[in-house]
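Which chain is which? The protein sequence lines are F and A, in order.
Using numbering that gives the first Met the number 0, the letters of the first sequence correspond one by one to residues 0 to 315.
Using numbering that gives the first Met the number 0, the letters of the second sequence correspond one by one to residues 0 to 282.
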Amino acid sequence: MGVAYLARRLLYGLISLLILSAIVFALTHLLPGDAATAIIGENATPEALAALRARLGLDQPLLMQFAGWLGGMLTGDFGVSTTLNQAAGPIIAERFFNSLALALGTIVVAASLAVPLGVVAAVKRGSRVDGAILTASYVGISIPDFVVAPALIILVASPPLDLFPSSGFVSMTASLGGWIAHIILPVATLTLVLAAHLLRQTRSGMLDVLLSDYIRTARLKGLPERTVLWRHGLRNGLGTTIAVLALDLGYLMGSIVIVEEIFAYPGLGRLIVYAVANRDIPLVEDTALVIGAVYVAANLLADVAHAALNPRMVQS
Amino acid sequence: MTVETSAAAPQGRSNRYLKAGLALTAAALATSALGFLYTPYSPTQVDLVHRLARPTLDHLFGTDRFGRDVLSRVLAGGWRSLTLGFGATGLGLAIGLPVALATGYFRGAVDQIVMRFVDALLSIPTLVFALLIIVGLGPGQLQAILALGVASSPKFVRIVRSAVLAAADEDYVTAAKARGEHALYIQYGELLPNVWPPIIVEASINVGFALMGGAALSYLGLGTQPPFADWGVMINEAQQYISVSFWPLLGPALAICLSIVGFNLFGEGLRDRLHLKASLRDV
Chain F
0 MGVAYLARRL LYGLISLLIL SAIVFALTHL LPGDAATAII GENATPEALA ALRARLGLDQ
60 PLLMQFAGWL GGMLTGDFGV STTLNQAAGP IIAERFFNSL ALALGTIVVA ASLAVPLGVV
120 AAVKRGSRVD GAILTASYVG ISIPDFVVAP ALIILVASPP LDLFPSSGFV SMTASLGGWI
180 AHIILPVATL TLVLAAHLLR QTRSGMLDVL LSDYIRTARL KGLPERTVLW RHGLRNGLGT
240 TIAVLALDLG YLMGSIVIVE EIFAYPGLGR LIVYAVANRD IPLVEDTALV IGAVYVAANL
300 LADVAHAALN PRMVQS
Chain A
0 MTVETSAAAP QGRSNRYLKA GLALTAAALA TSALGFLYTP YSPTQVDLVH RLARPTLDHL
60 FGTDRFGRDV LSRVLAGGWR SLTLGFGATG LGLAIGLPVA LATGYFRGAV DQIVMRFVDA
120 LLSIPTLVFA LLIIVGLGPG QLQAILALGV ASSPKFVRIV RSAVLAAADE DYVTAAKARG
180 EHALYIQYGE LLPNVWPPII VEASINVGFA LMGGAALSYL GLGTQPPFAD WGVMINEAQQ
240 YISVSFWPLL GPALAICLSI VGFNLFGEGL RDRLHLKASL RDV
């Protein structure tokens, strides 16, 4: 089983990325203002602009430029940042791993909080416990990250507690303790945002399973409730949760943009904000595409996990 | 993939959600309308003697770093924030609805191609998509509305299309086809009136998210530009002085949180009331 299915998913993922790269390229090249005007300003002489465009290759036909950019990305050449005057590849790689640490930390913490709560809420649906969990998650969803972060800073990163640094970054190799101290508040902020969302999805996914025919069959066979829940319910609910986690990664990447900016955390989110604010077009394109690739890869992984957990799904 | 069943959404809860949501959205709209006509102080009146003051009877939410009255600024900034939310949602619908109706109705190869584009666009977060558009348009409130509107349109295409697909085989559509009605008439005269419920629900929830996204853009300095302020700009300005005083943060933070809760509750209550199912993708 499975290989053909996964190959097809892989192909879809790649097509998605190809289309995304075309859209990203089109947006940054067809909208007014190109990299040359971004570098020397709109008041530059036409001659200077033309010379710069020629140097950057912007005078080439668009299709050639697109092929050059995409081909470069595939061979590891991400082009040159126009504001930092450095190769974009190494910058993005470093930021990518910083963001990955943030995202993975958040997913682990959020999942271990939200999944059990979501399952409890689903099992006890309609009860006070369910109501309390739902209401709490509701509040969590509605509070923007840029409100959660300052609130956390006020609570734990200011006097009198002053437990953690409220911004900045220390690399893991320089000081493990410093790295952890700097990553705690960004992870906490992202966790609050993600956990609420994940909890609601887990609850819904579990409800779907619990109200399904085969759970009813298992109950009718007279199996103890615990067996029904653990062996039949969770196994199937887990597949949904994994799919939700992968989808939520997209949600998380959006939040990362804001949270990294607030905490001055050098990841992909802060990089794209920098690139947009300074109109560093190569850096904008590369970062956006990497963010898209992370999402596509995560969903592919989720499909693999889902197929492994639940082989029957693959056939449908 | 669908999830919630009506059995899990008791009528009482949906009514409570709906009422609370209505009350909060009405309050947000009323606040913004009031701020348009009246504020206790001028929202730009500087008072360097009373900077970063804590709340008093004279200044219910305190003053900001220039001694400007926070309550007045929250009131005056309301319509800018709400315009972002409503404007972006309206634009997203204006783009998404025709595309979804056409692809859902005609299906076939064009539908497949359009949906591949939609999937590709959904693989980057709405905010990142909006940033890509801002690169070309530059910062500003109108630009932020355009960017967020375009960026939220793929979501609308997906949601509306699935509703259209579900309705496309109904008898009234078959009958309209048999009568020889024009395809456009069937889309807008027959299908649209029948797929409205999920659209209203999603639009309402999206206003909340667009409000958040718009404030996020303003927070990043890419939306509303100072000296004009919306709630996102105010939160950003307040956060810079957070180590001195956190009072200026309270007003705009409360305003935006309560508004978002309001639009979410309204949409969710409506969804339960109409016995619609939640999609996996949204909240």
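Note that CB positions come from ideal geometry on N, CA and C, so glycine has one too.
Just so we're clear, the structure is a prediction, and the values are computed from it rather than from any experiment.
Residue i, DSSP secondary structure in three states
| i | result |
| --- | --- |
| residue 271 of chain A | helix |
| residue 172 of chain F | coil |
| residue 285 of chain F | helix |
| residue 68 of chain A | strand |
| residue 79 of chain F | strand |
| residue 216 of chain F | helix |
| residue 86 of chain F | strand |
| residue 38 of chain A | coil |
| residue 43 of chain A | coil |
| residue 62 of chain A | strand |
| residue 14 of chain A | helix |
| residue 162 of chain F | coil |
| residue 264 of chain F | coil |
| residue 142 of chain F | coil |
| residue 45 of chain F | helix |
| residue 204 of chain A | helix |
| residue 221 of chain A | coil |
| residue 170 of chain A | helix |
| residue 53 of chain A | coil |
| residue 211 of chain F | coil |
| residue 179 of chain A | coil |
| residue 31 of chain F | coil |
| residue 197 of chain A | helix |
| residue 167 of chain F | coil |
| residue 179 of chain F | helix |
| residue 156 of chain F | coil |
| residue 248 of chain F | helix |
| residue 202 of chain F | helix |
Closer than 8 Å at the beta carbon, the chain F residues around residue i
| i | result |
| --- | --- |
| residue 214 of chain A | 143, 145 |
| residue 329 of chain A | Residue coverage of chain A in this structure runs from 0 to 282, which leaves residue 329 of chain A outside it and unanswerable. |
| residue 17 of chain A | Here the premise fails: no neighbours, minimum Cβ distance about 14 Å. |
Contact set between residue i and chain A, taken where Cβ atoms lie within less than 9 Å
| i | result |
| --- | --- |
| residue 278 of chain F | 134, 137 |
| residue 256 of chain F | 124, 126, 127, 130, 215, 219 |
| residue 287 of chain F | 123, 127, 128, 130, 131 |
| residue 294 of chain F | 121, 122, 123, 124 |
Proximal chain A residues relative to residue i, where beta-carbon distance stays under 8 Å
| i | result |
| --- | --- |
| residue 290 of chain F | 123, 124, 127 |
| residue 26 of chain F | 131, 132, 134, 135 |
| residue 30 of chain F | 132, 134, 135, 136 |
| residue 264 of chain F | None at all; the shortest Cβ gap to chain A is about 14 Å. |
| residue 4 of chain F | Within chain A, no residue comes near residue 4 of chain F; the closest Cβ sits about 17 Å away, beyond 8 Å. |
| residue 271 of chain F | 127, 130 |
| residue 253 of chain F | 124, 125, 126, 127 |
| residue 249 of chain F | 121, 122, 123, 124 |
Contacts of residue i in chain A (Cβ-Cβ under 7 Å)
| i | result |
| --- | --- |
| residue 190 of chain F | By Cβ distance, chain A contributes nothing, its closest Cβ being about 17 Å from residue 190 of chain F, past 7 Å. |
| residue 23 of chain F | 131 |
| residue 185 of chain F | Result: empty, since nearest Cβ-Cβ is about 15 Å, beyond 7 Å. |
Contacts of residue i in chain F (Cβ-Cβ under 7 Å)
| i | result |
| --- | --- |
| residue 242 of chain A | 157 |
| residue 50 of chain A | The premise fails here: residue 50 of chain A is roughly 19 Å from chain F at the closest Cβ pair, so nothing lies under 7 Å. |
| residue 144 of chain A | Those within 7 Å of residue 144 of chain A in chain F number zero; the least Cβ separation is about 16 Å. |
| residue 118 of chain A | 15 |
Per-residue contacts from residue i into chain F (C-beta, under 9 Å)
| i | result |
| --- | --- |
| residue 115 of chain A | 11, 14, 15, 18 |
| residue 349 of chain A | A query on residue 349 of chain A cannot be resolved here, the shown segment of chain A reaching from 0 to 282 and no further. |
| residue 260 of chain A | 137, 138, 140, 141, 142 |
| residue 238 of chain A | 145, 148, 149, 152, 261 |
Inter-residue CB distance, residue i and residue j (contact presumed, cutoff 8 Å)
| i | j | result |
| --- | --- | --- |
| residue 35 of chain F | residue 55 of chain F | 6 Å |
| residue 163 of chain F | residue 155 of chain F | 6 Å |
| residue 152 of chain F | residue 165 of chain F | 5 Å |
So, do the stretch 268-278 of chain F and the stretch 235-252 of chain A have three or more beta carbon pairs nearer to each other than 8 Å? no
Pair every Cβ in the stretch 141-152 of chain A with every Cβ in the stretch 210-222 of chain A, then say whether three or more of these pairs are closer than 8 Å. yes
Start-end ranges of the alpha helix (DSSP H) lying completely within the stretch 91-121 of chain A, minimum 4 residues: 107-121
contact_flag[the stretch 80-95 of chain A, the stretch 147-167 of chain A] where n(CB pairs < 8 Å) is 3 or more: yes
Three or more C-beta pairs closer than 8 Å, one from the stretch 118-133 of chain A and one from the stretch 186-199 of chain A: is that the case here? no
Tell me whether the stretch 224-238 of chain F and the stretch 280-298 of chain F touch, counting them as touching only if at least three CB pairs, one residue from each stretch, are closer than 8 Å. no
With contact counted as at least three CB pairs below 8 Å, one residue from each stretch, are the stretch 97-115 of chain A and the stretch 248-267 of chain A in contact? no
Flag this pair as touching only if the stretch 56-72 of chain A and the stretch 112-121 of chain A have three or more C-beta atom pairs under 8 Å; answer yes or no. no
Would you say the stretch 297-305 of chain F touches the stretch 28-48 of chain F, given that touching needs at least three Cβ pairs under 8 Å? Result no; under three Cβ-Cβ pairs closer than 8 Å.
The stretch 104-113 of chain F touching the stretch 197-208 of chain F, judged by at least three CB pairs closer than 8 Å: Verdict: yes, contact present.
Just list the alpha helix (DSSP H) runs in the stretch 223-261 of chain A, keeping only unbroken ones of 4 residues or longer that don't cross its boundaries, in chain order. 230-239
Alpha helix (DSSP H) segments (min. 4 residues) lying fully within the stretch 50-136 of chain F: The stretch 50-136 of chain F contains these whole alpha helix (DSSP H) runs: 61-73, 87-122.
Okay, do the stretch 19-27 of chain F and the stretch 62-73 of chain F touch, 3+ Cβ pairs below 8 Å being the bar? yes
Could you tell me whether the stretch 206-222 of chain F touches the stretch 178-192 of chain F, where touching means 3 or more Cβ pairs closer than 8 Å? no
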